[in-house]
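Only one structure is covered here, and it is reproduced in the block below.
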Amino acid sequence: MFVPARRVEPHLFVVPTLSTVHSGKVVVPVMNIEGRAVKLPKKEGVGYLDTDGIRRRDTRDDGRVGA
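Anchor point for the sequence shown: position 29 equals 1044 in my numbering, and the numbering is continuous, going up by one each time.
Structure follows, in structure tokens:
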């Protein structure tokens, strides 16, 4: 799980994201509300939590939440 760290770029929104790492890389959505090209935060600017060992609740095909 990637969580936004405190930054000085208030115009970039990084939302908490649950994603899978592939070949050491992950896609994290960032929304820029300023409307101009800017550099993205360095990877140190995006914190993460390792979800191995954390019990998740998955959604079943029928839309119900299962353990």
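Quick reminder that beta carbons are idealized off the backbone N, C-alpha and C, glycines included. Keep in mind that this is a model prediction, so the values were computed, not measured.
| query | CA-CA distance, residue 1086 and residue 1032? | reply | Residue coverage of the chain in this structure runs from 1016 to 1082, which leaves residue 1086 outside it and unanswerable.
| request: Using the Cα positions of residue 1043 and residue 1034, report the straight-line distance between them to the nearest angstrom. | output: By 1-based counting over the sequence shown, the position of residue 1043 is 28. By 1-based counting over the sequence shown, the position of residue 1034 is 19. The alpha-carbon atoms of residue 1043 and residue 1034 are separated by roughly 8 angstroms.
| query | Thinking C-alpha only, which one of 1066, 1047, 1054 and 1051 is nearest residue 1028? | reply | Taking the first residue of the sequence shown as 1, we reach residue 1028 at position 13. Looking only at 1066, 1047, 1054 and 1051, the smallest Cα-Cα distance to residue 1028 is reached by 1047.
| query | Would you say the beta carbon of residue 1040 comes nearer than 6 angstroms to a heavy atom of the ligand NAP? | reply | Here there are no bound small molecules, and the ligand NAP is not part of this structure.
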